[in-house]
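Peer 1: This is the structure I want to talk about, given as structure tokens.
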Amino acid sequence: MEVFLSSLVSVAFHGIAYGMILYVISVGLSVTMGLMGFVNLAHGAFAMAGGYVLTSAISRFGLSFPLALALAFIAVAAASVLLERWLYSRLYDAGELEQVLFTIGLIFMAVAAAQVTFGMLQRPVLLPDYLKGQISVLGRDFPAYRVFLIAVSSAMIAALWFGVERTLWGAMVRAAVDNRAMAQSIGINTRRLFTLTFALGSGLAGLGGALGAEIIAIQPTYPFEHLAYFLIVVAVGGLGSLRGPFAAALLIGVSDTACKYWLPQFGAFFIYVATIFLLLWRPAGLFGRRV
Amino acid sequence: MSALLETRDLCKSFGALRVAENISFHLEAGARHALIGPNGAGKTTFVNMLTGLLPPSSGLILLGGEDITGLAQAARVKRGIGRTFQINTLFRDMSVLDNVALGVAERRGMAARVWHPASRYHDVREEALGLLETLGLAEDSGKRVVDLPYGKQRLVEIAIALGLKLRVLLLDEPAAGVPALESGMILQVLDRLPGEIAVLIIEHDMDVVFRFAQRITVLVEGTVLCEGTPPEIAGDARVQRVYLGERYG
Amino acid sequence: MTRAVGYAADPRIRFAEWLPWLAAVAGFFLLPEYLPLGARILTYVLFALSLDLILGYAGIITLGHSAFFGLGAYVAGILAAKLGVTDPLLLLLAAACAAGALGIATGAVILRTHGLTQLMLTLAIAAVCLEIAHKATSITGGADGLSGITIAPIFGAFKFDLYGRTAYLWCLALLFAGWWVTRKMIYSPFGATLCGIRENSVRMHAIGVPVYRRLLTAYTISAMLAGLAGALLAETNQFVGLNVLGFEPSGELMVMLILGGVGRLYGAFVGPLVYLIAQDFLAKQFPEYWYFGIGLMLVVVVLFARGGILGIADRIVARARKYV
Ligand SMILES: Nc1ncnc2c1ncn2[C@@H]1O[C@H](COP(=O)(O)OP(=O)(O)OP(=O)(O)O)[C@@H](O)[C@H]1O
Ligand SMILES: [Mg+2]
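In order, the protein sequences belong to chains A, P and Y. Going left to right, the first sequence walks through residues 0 to 290 as numbering that gives the first Met the number 0 numbers them. Going left to right, the second sequence walks through residues 0 to 248 as numbering that gives the first Met the number 0 numbers them. Going left to right, the third sequence walks through residues 0 to 323 as numbering that gives the first Met the number 0 numbers them.
Following this line, the structure appears as structure tokens:
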């Protein structure tokens with residue numbers, strides 16, 4: 000019993016850490032899909048890019064871990080602005096198929112580029128000493144890195160929710176998600192709003208990829224391998240919502256960790272099956288508003 | 000004698016917005032009935048509920064005495080109720096002929112045949128061509144719909160509906176967006192619609208309404224304001240206030 | 000000649016439509032050392048054809064079409080390797096039935112949904128299949144793949160030979176049959192109905208078409224064709240690996256179809272041909288550049304050449320006609 004409880008706590012803890020990362024990576028996807036109706040399957044490439052920025056910044060340029068994290072966010076956000084302006088924006092009015100194909104193309108390119116630049120192997124993260132040990136909370140030891148990760152993600156999420164609820168930008172995003180034509184007609188510059196939101200979403204993905212590099216290993220096939228999970232978070236959570244994907248990400252983080260811990264012989268089987276049944280039950284996701 | 004089409008206390012809300020409130024409506028066989036009302040009154044929503052595109056929040060829809068409220072769109076069309084769209088809803092990249100033939104084939108129960116080529120179904124093609132001829136679209140049958148002028152595209156909307164051999168035809172602003180020069184041909188077609196079809200037309204142009212309709216229902220903010228013959232409606236003070244007032248006032 | 004469907008389309012087979020078959024037969028005699036690659040191409044053409052039916056004609060976007068291909072391959076492989084069923088025709092039949100059953104069961108679910116949910120469901124279903132194949136090692140061989148597949152001679156007479164001659168002709172014959180059936184279907188009223196659904200499903204509902212049922216029929220037929228292609232792969236390779244399942248093979252197939260031209264029947268021929276030949280020559284030497292190249296190609300096709308290779312060819316022909 001004691002052992003079971005202890006593993007329960009451990010699974011919950013690791014699951015929450017994983018879920019937080021999934022959320023930070025995927026929330027941008029939910030917002031851009033809800034806002035612009037763009038099916039961006041290449042979202043995982045931004046997370047991978049963040050991871051590579053972090054590892055290279057630390058190992059090549061000797062940046063400190065927090066600085067490298069910030070750099071991951073900024074670099075990915077900046078790069079995504081260029082991509083959005085040059086490429087994505089051409090396909091806002093195109094069909095779903097075009098968007099799907101285009102972003103699959105981007106995945107292929109990102110995977111290849113990562114292979115050429117960084118090699119096939121996964122990139123180790125050089126953690127600073129203060130993140131290597133254990134921290135004791137309530138008489139229990141937890142890995143410091145994951146505690147840090149949960150803390151940083153929570154701060155980011157709080158800032159994001161505050162931003163969306165309380166700032167003008169947030170109000171404009173909410174208006175445009177609700178009704179794009181109406182938002183345009185009351186004078187919101189949706190073009191700029193899209194770019195800004197896209198950059199923020201991609202930057203968060205980059206940050207999530209960097210922050211979670213120890214949990215979701217950074218290697219070239221990252222965008223392919225984890226795409227399904229990012230999409231599940233969005234689809235199960237509900238398009239265009241902030242809270243839905245949060246609940247979904249935690250749910251998936253914890254249940255995936257639990258499955259891998261107690262039923263490793265089944266792999267991700269139950270997650271997919273659960274997703275299928277969930278989407279059958281609520282096609283618009285747990286918190287989706289579309290009918 | 001009961002009505003061919005009847006609704007009982009039909010309601011619909013989108014969130015807090017109530018776009019249909021207790022609409023009870025009758026349409027007799029062979030009727031020429033107009034549904035009028037200001038923009039946003041809920042006319043299109045009403046038609047959408049009748050055809051099954053939108054489920055009502057509550058209420059009943061009866062066709063020939065049968066409750067069709069829960070039926071899918073296709074099942075309603077099979078029972079003889081169908082519509083045209085306010086905004087063109089056509090197969091833009093297909094030929095005019097195919098636009099009509101798809102519906103004709105479906106009605107004749109041939110649209111799911113997988114073996115013989117479609118062009119072998121001469122009776123489907125002849126029927127579609129015949130229909131296009133009566134609407135003055137014979138020369139255009141091979142053209143793609145996108146290549147037609149807008150007025151003719153509106154006629155294709157009507158042609159498709161006629162190919163379904165409906166008992167109840169719901170026309171949602173058949174002349175909407177058509178330049179004055181081209182609207183004459185649409186009015187002609189309306190005048191020549193087969194007499195046995197019950198027609199409900201939504202239209203903003205009062206001249207058309209008064210020429211075409213034997214009965215008029217006025218819808219305002221989702222509720223039926225009044226119903227009557229054209230002279231009754233024209234003389235109704237409330238109607239003049241809320242509806243005619245803004246046009247003729 | 001693009002999308003020649005509908006009630007006025009001429010269904011007769013044109014001369015140009017025989018060319019692929021002539022080329023395939025010529026290839027058999029002229030390029031004996033490439034027959035295994037040829038068989039692979041023919042198999043993938045059949046697979047691409049099955050995707051074209053639902054994606055190009057009916058407009059269903061799926062990220063998980065490999066589920067049917069993979070199921071077909073594993074059903075044929077397992078029957079042959081573990082249960083001693085070795086008759087190639089019987090194996091194909093079993094694979095097609097299994098894939099069809101999966102098609103009707105999953106189609107019944109996914110075709111009720113739209114957009115992201117539908118994409119997600121197709122992806123999840125393919126992922127479940129991959130997960131099962133990966134973990135049920137005692138039946139599927141897991142990550143090592145399924146080997147030990149022995150196939151009896153076709154009709155008891157034609158043995159699968161070392162040079163891949165029989166395999167090539169077997170694939171060619173089945174592709175021909177698959178093409179014949181698909182072509183018939185596309186020119187039929189059913190094909191016209193599918194195009195109507197792709198073009199405007201709102202209108203299709205309004206003219207009384209039971210859209211869901213029609214899509215389910217198409218989806219099931221397509222699944223059977225894909226299962227057939229998968230079984231062909233198992234028979235000719237006598238091996239089934241995990242790489243037939245999941246998102247990547249689905250994406251790769253989409254790439255082939257888009258490259259050739261989606262929704263135009265022969266796009267499914269041109270795409271796999273060009274893709275697999277290029278892969279054979281380039282992928283081994285420069286795997287990263289190969290991947291980068293197809294990604295770039297996809298982006299370029301979507302942005303600038305939506306009709307794929309055949310679309311470009313059409314435009315060139317149209318230009319040339321103007322000047323002549
Ligand atoms: N799907 C929907 N979701 C939310 N609101 C809707 C929806 N469809 C219609 N509405 C609203 O319902 C009201 C009635 O719309 P409807 O299209 O039925 O009006 P109408 O009488 O046909 O107007 P018009 O004469 O302009 O065609 C409008 O305020 C419209 O904005
Ligand atoms: Mg309207």
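Beta carbons: idealized from backbone N, C-alpha and C, even for Gly. Bear in mind the structure is a predicted one, so any value in this text is a computation, not a measurement.
1) If you follow the beta strand (DSSP E) that residue 126/P is part of, which residue opens it and which one closes it?
2) Please classify residue 138/P: is it buried, with 16 or more other beta-carbons within 10 angstroms of its beta-carbon, or exposed?
3) Going along chain A in order, which residues have a C-beta closer than 8 Å to the C-beta of residue 126/Y?
4) Jot down the residue ranges of each uninterrupted alpha helix (DSSP H) in the segment 219–301 of chain Y, minimum 4 residues, whole runs only, in chain order.
5) In the DSSP assignment, find the unbroken alpha helix (DSSP H) run with residue 313/Y in it and report its ends.
6) Helix, strand or coil for residue 259/A, going by three-state DSSP, please let me know.
7) Assign residue 137/Y to one of three DSSP states: helix, strand, or coil.
8) If you measure beta-carbon to beta-carbon, which residues of the segment 133–164 of chain Y are closer than 7 Å to chain P?
9) Under three-state DSSP, which class holds residue 218/A?
10) Let me know the secondary structure DSSP gives residue 11/P once reduced to three states.
11) Which residues in the same chain have their Cβ closer than 6 Å to the Cβ of residue 19/A, if we skip the five residues on either side of it in sequence?
12) Ligand 2: which residues have Cβ under 7 Å from any of its heavy atoms, chain order?
13) Give the range of the alpha helix (DSSP H) segment to which residue 57/A is assigned.
14) At a cut-off of 7 Å, is residue 136/A close to ligand 1 when judged by its beta-carbon and the heavy atoms of the ligand?
15) Got a sec, what are the start and stop residues for the beta strand (DSSP E) residue 222/P sits in?
16) Return the residues of the segment 86–105 of chain P that lie within a Cβ-Cβ distance of less than 8 Å from chain Y, sorted by chain order.
17) On the criterion of 16 or more Cβ atoms from any shown chain inside 10 Å, does residue 213/P qualify as buried, or is it exposed?
18) In three-state terms, what does DSSP make of residue 21/P?
19) Anything in the segment 168–189 of chain Y with a Cβ closer than 8 Å to a Cβ of chain P? List those residues in chain order, please.
20) Give the secondary structure of residue 19/Y by DSSP, where H, G and I count as helix, E and B as strand, and everything else as coil.
21) Between the alpha carbons of residue 111/A and residue 236/Y, how many angstroms are there, rounded?
22) Verify whether the separation of the beta carbon atoms of residue 97/Y and residue 127/Y is less than 8 Å.
23) Could you confirm whether any beta carbon from chain Y is found closer than 8 Å to the beta carbon of residue 215/A?
24) Closer than 9 Å, Cβ to Cβ, to anything on chain A: give me those residues from the segment 287–300 of chain Y, in chain order.
25) Apart from the five residues on each side of it in sequence, which residues of its chain come closer than 7 Å, Cβ to Cβ, to residue 6/Y?
26) Kindly indicate which residue of 291/Y, 315/Y, 108/Y and 321/Y has the alpha-carbon position closest to the one of residue 106/A.
27) Do we get a CB-CB distance below 8 Å when we pair residue 101/A with the residues of chain C?
28) So the candidates are 103/Y, 111/Y, 59/Y and 308/Y; which of them puts its Cα closest to the Cα of residue 193/Y?
29) Against chain A, which members of the segment 262–283 of chain Y pass a CB distance test of less than 9 Å?
30) Would you call the segment 72–87 of chain A and the segment 266–280 of chain Y in contact, with 3 or more CB pairs under 8 Å?
31) Is residue 87/P near ligand 4, judged by its Cβ being under 7 Å from some heavy atom?
32) Less than 6 Å between C-beta atoms, sequence neighbours within five positions excluded: which residues of the same chain meet that for residue 122/A?
33) Pick helix, strand or coil for residue 154/Y, following the three-state DSSP scheme.
34) Between the segment 94–105 of chain A and the segment 297–310 of chain Y, do at least 3 Cβ pairs fall closer than 8 Å?
35) Taking 8 Å as the limit between beta carbons, can you name the residues of its chain near residue 12/A, skipping five residues before and five after?
36) Taking CB distances under 8 Å as the criterion, tell me whether residue 115/A reaches chain Y.
Peer 2: Working from what's here:
1) Taking the first residue of the second sequence as position 1, residue 126/P is located at position 127. Careful: residue 126/P lies outside any beta strand (DSSP E), inside the alpha helix (DSSP H) at 121–133.
2) By 1-based counting over the second sequence, the position of residue 138/P is 139. Exposed, because fewer than 16 other Cβ atoms sit within 10 Å of the Cβ of residue 138/P.
3) Locating residue 126/Y in the third sequence gives position 127, counting from the first residue. In chain order: 227, 267 and 271.
4) 246–259 and 266–277
5) On the third sequence, position 314 is the one that residue 313/Y refers to. 307–322 is the extent of the alpha helix (DSSP H) around residue 313/Y.
6) Along the first sequence, read from residue 1 onward, the residue named residue 259/A stands at position 260. Correct three-state label for residue 259/A: helix.
7) As a first step, residue 137/Y is located in the third sequence; it is residue number 138 there, counting from the start. Residue 137/Y: helix per DSSP, three-state reduction.
8) Cβ contacts with chain P: none found.
9) Taking the first sequence and counting its residues from 1, the one referred to as residue 218/A is at position 219. Looking at residue 218/A - three-state DSSP - the assignment turns out to be coil, as it is neither helix nor strand.
10) Reading the second sequence from its first residue, position 12 is the one you call residue 11/P. In the structure shown, residue 11/P sits in a strand (DSSP, three-state: E or B).
11) The sequence position of residue 19/A within the first sequence is 20, counting from 1. Once the five neighbours on either side are set aside, the close Cβ partners of residue 19/A are 149 and 152.
12) 42/P, 43/P, 85/P, 171/P, 172/P and 201/P
13) Position 58 of the first sequence, counted from the start, is the residue given in the question as residue 57/A. Segment 42–58, the alpha helix (DSSP H) holding residue 57/A.
14) Numbered from 1 along the first sequence, position 137 holds the residue referred to as residue 136/A. Closer than 7 Å to some heavy atom of ligand 1: that does not describe the Cβ of residue 136/A.
15) The residue labelled residue 222/P in the question sits at position 223 within the second sequence. That run of the beta strand (DSSP E) goes 222–227.
16) Taking 8 Å as the Cβ-Cβ cut-off against chain Y, the residues of the segment 86–105 of chain P that qualify are 88, 89, 90, 91, 92, 93, 94, 96, 97, 100, 101, 102, 104 and 105.
17) Here residue 213/P corresponds to residue number 214 of the second sequence, with the count starting at 1. Exposed.
18) As a working note, residue 21/P is residue 22 in the second sequence. Residue state, collapsed to three classes: strand.
19) 183, 184, 186, 187, 188 and 189
20) In the third sequence, counting from the first residue as 1, residue 19/Y sits at position 20. The three-state reading of DSSP puts residue 19/Y in helix, counting H, G and I together.
21) Start at 1 with the first residue of the first sequence, and residue 111/A comes out as number 112. Start at 1 with the first residue of the third sequence, and residue 236/Y comes out as number 237. One C-alpha to the other measures close to 28 Å.
22) Residue 97/Y sits at position 98 when you count from the first residue of the third sequence. Residue 127/Y sits at position 128 when you count from the first residue of the third sequence. No; because the gap between Cβ atoms is not below 8 Å, this pair is not in contact.
23) As a working mapping, residue 215/A is identified with position 216 in the first sequence. So, not an interface residue.
24) The residues in question are 287, 288, 289, 290, 291, 292, 293, 294, 295, 296, 297, 298, 299 and 300.
25) The residue you call residue 6/Y lines up with position 7 of the third sequence. 191.
26) Here residue 106/A refers to the residue found at position 107 of the first sequence. That would be 291/Y, whose Cα lies nearest to the Cα of residue 106/A.
27) Looking at the structure shown, chain C is missing, and the protein chains on hand are A, P and Y.
28) Walking along the third sequence from the start, residue 193/Y turns up at place 194. Comparing Cα positions, the closest option is 59/Y.
29) Hits within the stretch: zero.
30) With the cut-off at 8 Å, the segment 72–87 of chain A and the segment 266–280 of chain Y do not touch.
31) Judged by which ligands are present, ligand 4 is missing from the structure shown, whose ligands are ligand 1 and ligand 2.
32) Stepping through the first sequence from its first residue, residue 122/A is reached at position 123. Around residue 122/A: 54 and 217.
33) Walking along the third sequence from the start, residue 154/Y turns up at place 155. Residue 154/Y: coil per DSSP, three-state reduction.
34) As far as the Cβ criterion goes, the segment 94–105 of chain A touches the segment 297–310 of chain Y, which means the pair count is three or higher.
35) The count along the first sequence starts at 1 and reaches residue 12/A at position 13. 141 and 145.
36) Within the first sequence, numbered from 1, the residue matching residue 115/A stands at position 116. Using beta-carbon distances, residue 115/A counts as an interface residue toward chain Y, with a partner under 8 Å.
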